[in-house]
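The numbering of the sequence shown is this note's numbering, which starts it at 626 and goes up by one. Just so it is clear, CB atoms sit at the ideal spot from N, CA and C, and this is done for glycine as well. As the structure is a computational prediction, the values presented were derived from the model and not from experiment.
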Amino acid sequence: MEGIRRTPAKTFGTLAALVLATGALLTTFAPQPYIGLPLLAASPLIAGAMLSFRVTAGFVCASTLVSVALDSYRERPASALFVDLALIALIGVLALAVNVLMARQGRDLARSRDIAEAVQMAVLPQPSTRVGPLVVAAGYVAAQAEARIGGDLFAVHDTPFGVRMIIGDVRGKGLQAIASVSVAIGAFRQEAEYADDLPTLATRMDEALSRGAGHGLSSGGSTEDFTTAVLAEVSGGGDTLRLVNRGHPAPYLVHEGRLKRLDPSVAQLPLGMGLSGIAPRSGTGAPPSDVLSFPVGALLLLITDGVTEARNQEGVFYDPVASRLVGRRFSSPESLVSALTADVHRWVEGGQQDDMAILAVARADPAG
Numbered sequence: 626m627e628g629i630r631r632t633p634a635k636t637f638g639t640l641a642a643l644v645l646a647t648g649a650l651l652t653t654f655a656p657q658p659y660i661g662l663p664l665l666a667a668s669p670l671i672a673g674a675m676l677s678f679r680v681t682a683g684f685v686c687a688s689t690l691v692s693v694a695l696d697s698y699r700e701r702p703a704s705a706l707f708v709d710l711a712l713i714a715l716i717g718v719l720a721l722a723v724n725v726l727m728a729r730q731g732r733d734l735a736r737s738r739d740i741a742e743a744v745q746m747a748v749l750p751q752p753s754t755r756v757g758p759l760v761v762a763a764g765y766v767a768a769q770a771e772a773r774i775g776g777d778l779f780a781v782h783d784t785p786f787g788v789r790m791i792i793g794d795v796r797g798k799g800l801q802a803i804a805s806v807s808v809a810i811g812a813f814r815q816e817a818e819y820a821d822d823l824p825t826l827a828t829r830m831d832e833a834l835s836r837g838a839g840h841g842l843s844s845g846g847s848t849e850d851f852t853t854a855v856l857a858e859v860s861g862g863g864d865t866l867r868l869v870n871r872g873h874p875a876p877y878l879v880h881e882g883r884l885k886r887l888d889p890s891v892a893q894l895p896l897g898m899g900l901s902g903i904a905p906r907s908g909t910g911a912p913p914s915d916v917l918s919f920p921v922g923a924l925l926l927l928i929t930d931g932v933t934e935a936r937n938q939e940g941v942f943y944d945p946v947a948s949r950l951v952g953r954r955f956s957s958p959e960s961l962v963s964a965l966t967a968d969v970h971r972w973v974e975g976g977q978q979d980d981m982a983i984l985a986v987a988r989a990d991p992a993g
């Protein structure tokens, strides 16, 4: 509300003044009485909805004075003057009351946003721009703009096994998903330090999230809650990339103007379902991670379904491989995150339908 008042205040002030002037002219020159009275009364309402209390009070006084002056000029009887004055005064009081209520609502909304932002900083802190051998950038857009946080998550952690990352999406969105995000991030940071490999890390996170759902720590406390996620690990030298995908949109390798989607070799179930991640016929234990080369100059792009399920006005889903990002070379992970965010925003024409998280990393320049 405060932002609305600051930005177009001059426009709304001009509109209220124009309505007041039009009402005055109609009252003066119209052949029938009362024709301009609705506009004289509407002027304070416009000011009350969009401008400050002081300006609204000014329009109430101005409308009252104009009404009295014009009734006297047209030599209307005292009874008519009293009726006009009573009507404008009543609507003026309503305009002031509307102004007070909207100002209070604006303050409450600002406090809610500040609280949500503090929660986001605590639960989902922005990763450092440099972690081990990697340069890191992240972006987040919540579907509920007033919440500033939703059900998507990401984290980057330097461990004895290399730099480990997660990007995920918990069931649900908005403020009710914060508890699930907190459990997932906490489990990742705890287990990433000790799990020998990514499949073990995924198994331990699956157990932790299943326990959290069972104890009502996730959104709604339902045992049907789950988290889709991609776990990634870059070796200490930075040249080897390992991935485990638990039911999440595939990441992309961005290199020399090309985007390559890194689909998993074995499909696995999301985390938190209390299962091994694959069907029994695939064998016992979790499948090994996918191992790929991570060349110098390449960027690893991890996303949530807020990107891949973003739809334009025709209902067509956004496809990074067919987007305007192809053919472009990005100097840093931050430039890639900014470009992708802007391209998705353009694709949906500002109508974000789901939470969207983006995480991009690249090997740091050893000279830097």
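Under the three-state reduction of DSSP, His-782 is assigned to strand. Considering only Asp-822, Arg-701, Thr-929, the residue with the shortest C-alpha distance to Val-916 is Asp-822. Straight across, the Cα-Cα distance linking Ala-892 with Glu-939 is about 30 angstroms. In the DSSP assignment, Met-675 falls within the unbroken alpha helix (DSSP H) covering 662-675. In the three-state reduction of the DSSP assignment, Asp-915 falls in the strand class. Residue burial annotation: Thr-681 is buried, with at least 16 other C-beta atoms found within 10 angstroms of its C-beta. Under the Cβ criterion (8 angstroms, minimum of three pairs), the region 801-813 does not count as touching the region 982-992. The C-alpha of Gly-731 lies about 17 angstroms from the C-alpha of Arg-679. Cα atoms of Ala-672 and Gln-751: separation of roughly 41 angstroms, rounded to the nearest angstrom. Gly-683 and Tyr-698 have their C-alpha atoms spaced approximately 22 angstroms apart. Distances from the CA of Leu-778 to each of Val-808, Val-788, Val-756 were compared; the closest alpha carbon is that of Val-808. When DSSP assignments are scanned along the region 919-981, the uninterrupted stretches of beta strand (DSSP E) that are 3 or more residues long and fall wholly within it turn out to be 924-928. Beyond the five residues adjoining it in sequence on each side, Val-723 comes within less than 8 angstroms, by CB distance, of Leu-670, Gly-673, Ala-674 in the same chain, given in chain order. Bounds of the alpha helix (DSSP H) holding Val-680 are 678-698. In this structure Leu-690 is exposed. Its beta-carbon is surrounded by fewer than 16 other beta-carbon atoms within 10 angstroms.
Straight-line measurement puts the Cα of Ala-735 at about 32 angstroms from the Cα of Ala-714. Going by DSSP, Glu-818 is part of no beta strand (DSSP E) at all; its letter is neither H nor E. Each of Phe-637, Met-898, Asp-864, His-970 was checked against the Cα of Gly-757, and the nearest Cα belongs to Asp-864. Around the CB of Tyr-819, fewer than 16 other CB atoms lie within 10 Å, so the residue is classed as exposed. Shown here, Ala-762 sits in a strand according to DSSP, grouped into three states.
Collapsing the DSSP output to three states places Asp-990 in coil. Per DSSP, reduced to three states, the secondary structure at Thr-825 is helical.
Across the set Ser-914, Val-748, Ser-860, the C-alpha of Val-748 shows the shortest separation from the C-alpha of Gly-811. Partner residues in a beta bridge of Arg-736, as assigned by DSSP, do not exist.
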